Amino acid sequence: MFTMYGIKNCDTIKKARRWLEENQVDYRFHDYRADGIDAQLLHTFIAELGWEALLNTRGTTWRKLDASLRDTITHADAAVALMVEMPAIIKRPLLCAPGKPMLLGFNESSYEKFINEV
Numbered sequence: 027m028f029t030m031y032g033i034k035n036c037d038t039i040k041k042a043r044r045w046l047e048e049n050q051v052d053y054r055f056h057d058y059r060a061d062g063i064d065a066q067l068l069h070t071f072i073a074e075l076g077w078e079a080l081l082n083t084r085g086t087t088w089r090k091l092d093a094s095l096r097d098t099i100t101h102a103d104a105a106v107a108l109m110v111e112m113p114a115i116i117k118r119p120l121l122c123a124p125g126k127p128m129l130l131g132f133n134e135s136s137y138e139k140f141i142n143e144v
């Protein structure tokens with residue numbers, strides 16, 4: 027069973043979910059805002075992907091942060107604290123399946139390859 031992590035009103039999440047549904051892929055959606063996100067789960071993601079990949083520094087949430095706060099995000103623990111407080115700053119979608127490497131971001135060819143390798 028696949029699990030997609032993200033925020034339901036994100037346009038990229040909507041595209042990824044639509045693709046999964048059109049391709050009849052059974053998955054569970056975990057909304058960071060509705061279902062929550064904690065440091066332990068984030069550390070699991072970071073162990074595989076790295077905190078830099080998981081932190082969306084190109085999005086609006088990051089750009090709106092005070093520069094002095096952005097300057098303090100220099101290691102995993104600081105990034106985790108920020109992501110727990112502001113889940114919209116986590117890059118998305120994140121697609122997971124037991125025994126497979128995590129897939130961060132969305133494009134159709136990557137999803138097709140990821141799904142078919144299970």
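Taking our numbering as reference, the numbering of the sequence shown is continuous, increasing by one, and the terminal residue is 144. Even glycine gets a Cβ: it sits at the ideal position worked out from N, Cα and C. All of these numbers come straight from a predicted model, not from anything done at the bench.
- A straight-line Cα-Cα distance of about 19 Å links Ala123 and Ile116.
- Going by C-alpha positions, Thr98 is about 21 Å away from Phe71.
- Distance check between Asp57 and each of Tyr31, Lys126, Val110 places Tyr31 closest, using alpha-carbon atoms only.
- An exposed status is given to Arg84, since fewer than 16 other beta-carbon atoms sit within 10 Å of its beta-carbon.
- For secondary structure counted as the beta strand (DSSP E) over 3 or more consecutive residues, the region 34-92 holds these complete runs in sequence order: 53-57.
- Close CB contacts of Ala79 within its chain, under the 8 Å cut and outside five residues either way in sequence, are with Lys117, Leu130 (chain order).
- If the five residues before and after Leu81 are omitted, its C-beta is found closer than 8 Å to the C-beta atoms of Trp88, Ile99, Ala105, Leu108, Met109, Ile115, Ile116, Lys117, all from its own chain and listed in chain order.
- For Thr100, DSSP records no beta bridge to any residue.
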